[in-house]
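The sequence shown begins at 48 in the working numbering and counts up one residue at a time.
What follows is a single structure, written as structure tokens, with notes after it.
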Amino acid sequence: MIPLHELATFMIRRARLDTPQAFGARMARFGLIAAHMVPRAYRAAALRRSGKVQKRLVRGSHMLLNPLDPGISTDLLLDGIREPLITEAFQRLLRPGDVVMDCGANIGYYALQEAVAVGSIGKVYAIEPVPANADILGRNARLNLYDNVEVHRMAMGDTDRADHIYISSMSNMCTMAGGKGWRRFVDRVPVQVTTVDSFIDMVGRTPDVIRMDVEGYEVNVVNGMGRLLALGEPLRLFIEVHFDILLGRVVPMLEKLRDNGFRVAVATFEPHAAIRRSPLYPVVRWLEGVMGARSGYLELTMADLINDPVFRTGQVEDLEVIFER
């Protein structure tokens, strides 16, 4: 759960590029979300007071969740699901026997679902660079006896090298991209970086699916899969595209995917967790439309993502996109 003051910082940064109409809509949306975050914050505080790691059933798998983590763990303790629209869509695209590379697997929200979907004949390579996250990820896989999940403590990038990753107080906001956007960090730790192509050479298996949520480092990861892209084989890529961090750098990445035969299969602008069940959510969606894109499933093409200024300027901060060829 993003702290209110950080959300405000993000909103102000985005508003600098708004038209007057979009600015008004953005501020109204912020006010509605902030009002709905107050009771949510009280519930989160009650969880934190216990201070104990809790085991919860999430999407059919048991997960160990730390209430002291204000990020994904708290969200799952409060809601039992994250990014519900793309979660459902991604589940429908996974097939028994698939080989999945999950880059930025965090504590395993998606990796555990992947393990169930691909079954015993499939494989999930869960790649997570943050030591604390990788530890919980491994514990969650073992808790469910998912022996088709293999955890690798490393980062994905555009070259094989030693580097550092920036650590956020929210476990799902750590990034190789550094202090870009509104994010703030509490530490920096060493990490070994490899490329998708090198990882494939190491494990000896070619993925059918690659999921990545790497907080603004997705351009680097895509640049490190040149040989895989050149194969021209069927491939599904589930990428959280962080337009607010990448800005204009997102365009060459999208053009590379387009030129290698990918199309947009599914795109979602996920509704804010604090308000998606509120009777005022339709009002929020209308305001989002004034800003440039309504939350929900979006009918988008590669050309839309490349050419529409609301994306390349970061006015729409991020989208969950499944590309396929």
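From the three backbone atoms N, C-alpha and C, an ideal C-beta is built for every residue, glycine too.
Mind checking whether Ala181 and Val171 have CB atoms under 8 Å apart?
no
Throw me the rounded Cβ distance for the Ala202 and Val238 pair, which I believe falls under 8 Å.
5 Å
Going by beta-carbon coordinates alone, are Val363 and Gly339 separated by less than 8 Å?
yes
Have a look at Gln68 and Val288 and give me their C-alpha separation to the nearest angstrom.
25 Å
Alpha helix (DSSP H) segment containing Asp182, residue limits
178 to 190
Output needed for Gly107: all residues of its chain with C-beta closer than 7 Å, excluding positions within five of it in sequence on either side, in chain order.
Val163
Given Val311 as reference, the closest of Leu301, Pro318, His319 once Cα atoms are compared:
Leu301
Would you mind reading off the limits of the beta strand (DSSP E) that contains Ala314?
310 to 316
Taking the DSSP output, what are the residues bridged to Arg258?
Asp149, Phe285
Hey, is Glu161's beta-carbon within less than 8 Å of any beta-carbon in chain D?
The chain labelled as chain D is not found in the depicted structure, where only one protein chain is given.
Taking only runs of the alpha helix (DSSP H) that begin and end inside the region 184 to 253, which ones reach a length of at least 4 residues, in chain order?
243 to 250
Three-state secondary structure (DSSP) at Lys99?
coil
Compute the distance between the beta-carbons of Gly155 and Asn187, then report whether it is under 8 Å.
yes
Met349 - containing alpha helix (DSSP H), residue span:
349 to 354
Could you name the residues of the same chain whose beta carbon sits closer than 8 Å to that of Arg283, not counting the 5 residues immediately before and after it, in chain order?
Leu140, Asp255, Val256, Ile257, Ala312, Ile369, Phe370, Glu371
Endpoints, the beta strand (DSSP E) within which Ser108 is located:
108 to 112
For Val146 and Gly169, which I take to be in contact (beta-carbon distance under 8 Å), what is that distance rounded to the nearest angstrom?
6 Å
Glu335: first and last residue of the uninterrupted alpha helix (DSSP H) it sits in:
328 to 338
With Val363 as the anchor, note down where its alpha helix (DSSP H) starts and where it stops.
Note, Val363: premise wrong, no alpha helix (DSSP H); not H, not E.
Close beta carbons around Asp126, own chain, < 7 Å, minus the five adjacent residues each side
Ala320
Counting along the chain, where does the beta strand (DSSP E) carrying Tyr172 start and finish?
170 to 174
Please name the residue, chosen from Leu334, Leu79, Met249, Leu366, that lies closest to Val297 on a Cα-to-Cα basis.
Leu366
Name the DSSP beta bridge partners of Phe137, please?
Looking at the DSSP assignment, Phe137 forms no beta bridge with any residue, so it has no partner.
For a test of the three-state rule: what should DSSP assign to Leu293, helix, strand or coil?
helix
Within the continuous alpha helix (DSSP H) that includes Gly273, where are the two ends?
273 to 278
Using the rule of at least 16 other Cβ atoms within 10 Å of the residue's Cβ for burial, across every protein chain shown, is Pro326 buried or exposed?
exposed
Which two residues bound the contiguous alpha helix (DSSP H) that contains Ala158?
156 to 165
Since Ile292 contacts Gly263 with CB under 8 Å, what's their CB separation in whole angstroms?
3 Å
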